[in-house]
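A.B. asks: In our numbering, the protein residues as written are 23 to 346.
Beta carbons are placed, not taken as given, at the ideal position from N, Cα and C, and that holds for glycine.
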Amino acid sequence: MKALVLVGGFGTRLRPITYSLPKQLIPLAGKPMLYHVLDQLPADIEEVVFASGYKADVLERYLKEHPLRWPTRTVPEATPLGTGGGMRNAGAGLSDPFLLLNSDVIAEIDVPGLIRLHAERGGVGALSLSEVEDTRPYGVAALGPRDRIERFVEKPTPEAAPSHWINAGLSIWRRTVIDRIPEGRAVSWETEIVPGLLSEGVFGYRCPGFWEDAGTPERLLHAQRLLFDAGRGGPSRLPPGSSGQGPVASAPTVRASGARLGAYVHLDSGVALGAGSFVEDSILMEGVEVGPNASVRRAILGPGVRIPEGGLVEGHVLARESLP
Ligand code: GTP
């Protein structure tokens with residue numbers, strides 16, 4: 023089985039960091055988002071194909087320097103083709119069936135269970151589903167007998183939502199569905215193609231584990247908390263000379279003598295925290311410097327950001343390029 027991963031989006035909701043970096047490379051709980059997403063894949067996947075576009079070169083370079091456990095291939099789009107167009111563009115040579123993954127969903131999906139369900143029920147595909155309270159930003163499934171999806175409504179109003187079960191961002195499809203996607207233009211897989219496939223049999227696989235769409239700053243930090251709480255942030259490691267409870271994911275090169283660390287913190291390589299500084303519920307990317315006695319809470323700081331002595335950052339996404 024091969025897996026097709028959609029990685030071509032602009033990540034506008036995580037700007038300014040995504041001006042220089044694809045969102046999939048933003049780290050949380052010890053490693054980039056994409057690597058957490060792919061942790062869900064079975065070990066015997068034959069190939070992982072990336073449908074890329076925005077910042078494809080940055081992603082490709084990173085993958086080369088930090089190889090995955092499976093063979094990989096990147097198929098970039100010259101212009102953004104949307105989720106469906108990206109699938110069509112990268113669709114040659116996929117397995118039948120193939121797995122389809124969004125690259126910004128942090129979740130606990132039972133992938134072998136999804137594959138089994140598809141083999142048992144047949145049809146053209148099966149979607150993993152997660153139950154959420156607020157369905158407004160997502161695609162919502164109406165389930166009939168034998169978990170067959172009868173309707174699929176993208177971003178419904180609360181009154182129009184047929185259930186609380188949403189597309190969890192990991193699905194399995196027969197290869198023939200690729201032929202349904204028009205060529206050479208942007209296509210939304212979820213709104214333009216999936217509704218037309220329901221009559222041929224698309225099934226829902228309910229997954230009770232945690233789920234978060236890490237595409238906004240608040241949800242990205244929530245996804246990091248979920249990963250740490252699930253023990254998927256690696257061993258909690260306070261940098262030498264710092265104090266606090268953790269959980270903290272810290273690269274070996276972090277300097278933080280005299281700093282205090284609250285819960286749920288990711289510190290990338292080369293981060294320097296001054297004496298008396300405090301960081302909690304945050305992501306500090308490569309080379310971030312926090313001055314003495316400064317505080318950082320609920321923030322995502324891009325590579326090389328500097329917070330001056332005594333500074334206070336709360337609830338912000340900052341990139342070096344966007345600072346005065
Ligand atoms: P925002 O701009 O913040 O909405 O983020 P986004 O561009 O990533 O969009 P969204 O979160 O809706 O994307 C869902 C998934 O589809 C992500 O894995 C994206 O990388 C991917 N995606 C979105 N647009 C495209 C596209 O035009 N081509 C490809 N190949 N993937 C896409």
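Do G147 and W195 come within 8 Å of each other at the CB atom, strictly closer than that value?
C.D. replies: For the purposes of this step, residue 195 is identified with residue 173 of the sequence shown, where counting begins at 1. For the purposes of this step, residue 147 is identified with residue 125 of the sequence shown, where counting begins at 1. Going by C-beta atoms, W195 is nearer than 8 Å to G147.
A.B. asks: Could you give the distance in angstroms between the alpha-carbon of E205 and the alpha-carbon of N111?
C.D. replies: Residue mapping note: residue 205 aligns to position 183 of the sequence shown, counting from 1. Residue mapping note: residue 111 aligns to position 89 of the sequence shown, counting from 1. Answer to the nearest angstrom: the Cα atoms are 8 Å apart.
A.B. asks: Rounded to the nearest angstrom, what separates R254 and S279 at their Cα positions?
C.D. replies: Numbered from its first residue, the sequence shown carries residue 254 at position 232. Numbered from its first residue, the sequence shown carries residue 279 at position 257. The straight-line gap from Cα to Cα measures roughly 26 Å.
A.B. asks: Compute every distance between the C-beta of G147 and the non-hydrogen atoms of the ligand GTP, then say whether any falls below 7 Å.
C.D. replies: As a first step, residue 147 is located in the sequence shown; it is residue number 125 there, counting from the start. Answer for G147: no, Cβ out of range of the ligand GTP.
A.B. asks: How about A316 and P330: do their beta carbons lie closer than 8 Å?
C.D. replies: Locating residue 316 in the sequence shown gives position 294, counting from the first residue. Locating residue 330 in the sequence shown gives position 308, counting from the first residue. In this structure, P330 lies closer than 8 Å to A316 by Cβ.
A.B. asks: Can you look up K53 in the DSSP assignment and give me helix, strand or coil?
C.D. replies: On the sequence shown, residue 53 is found 31 positions in, with the first residue counted as 1. If DSSP states are grouped into helix, strand and coil, K53 belongs with the strands.
A.B. asks: Express the C-alpha separation of R158 and T179 in angstroms, rounding to a whole number.
C.D. replies: Taking the first residue of the sequence shown as 1, we reach residue 179 at position 157. Taking the first residue of the sequence shown as 1, we reach residue 158 at position 136. One C-alpha to the other measures close to 6 Å.
A.B. asks: Mind checking whether F225 and D169 have CB atoms under 8 Å apart?
C.D. replies: The count along the sequence shown starts at 1 and reaches residue 225 at position 203. The count along the sequence shown starts at 1 and reaches residue 169 at position 147. It is a contact, given that the beta carbons lie within the stated cut-off.
A.B. asks: When the Cα atoms are used, what is the spatial distance from A65 to M23?
C.D. replies: Counting from one through the sequence shown, the residue named residue 65 turns up at place 43. Counting from one through the sequence shown, the residue named residue 23 turns up at place 1. Approximately 11 Å between the Cα atoms of the pair.
A.B. asks: According to DSSP, which residues form a beta bridge with H338?
C.D. replies: To locate residue 338, count along the sequence shown from 1; it is residue 316. Bridge partners of H338: none, in fact.
A.B. asks: Beta-carbon within less than 7 Å of A285's beta-carbon, same chain only, minus the 5 sequence neighbours each way: which residues are those?
C.D. replies: Here residue 285 corresponds to residue number 263 of the sequence shown, with the count starting at 1. The residues are Q267, G268, P269, E302 and D303.
A.B. asks: Evaluate the contact criterion for the region 59-74 versus the region 118-135: three or more CB pairs, one atom per stretch, below 8 Å.
C.D. replies: With a cut-off of 8 Å, the region 118-135 and the region 59-74 count as touching, because enough Cβ pairs lie within range.
A.B. asks: Let me check understanding here. Comparing Cα to Cα, which of E142, L136, R138 and H186 lies closest to V154?
C.D. replies: The residue given as residue 154 occupies position 132 in the sequence shown. Ranking E142, L136, R138 and H186 by Cα distance to V154 puts H186 first.
A.B. asks: Does DSSP put S152 in a helix, in a strand, or in coil?
C.D. replies: Against the sequence shown, residue 152 aligns to sequence position 130. Correct three-state label for S152: strand.
A.B. asks: Report the rounded CA-to-CA distance for G223 versus V199, giving the unit in angstroms.
C.D. replies: In the sequence shown, counting from the first residue as 1, residue 223 sits at position 201. In the sequence shown, counting from the first residue as 1, residue 199 sits at position 177. One C-alpha to the other measures close to 12 Å.
A.B. asks: What I want to know is whether the C-beta of T105 ends up closer than 7 Å to one or more non-hydrogen atoms of the ligand GTP.
C.D. replies: On the sequence shown, residue 105 is found 83 positions in, with the first residue counted as 1. Yes, since a heavy atom of the ligand GTP falls inside the 7 Å radius drawn around the Cβ of T105.
A.B. asks: Verify whether the separation of the beta carbon atoms of L289 and P261 is less than 8 Å.
C.D. replies: Start at 1 with the first residue of the sequence shown, and residue 289 comes out as number 267. Start at 1 with the first residue of the sequence shown, and residue 261 comes out as number 239. It is a contact, given that the beta carbons lie within the stated cut-off.
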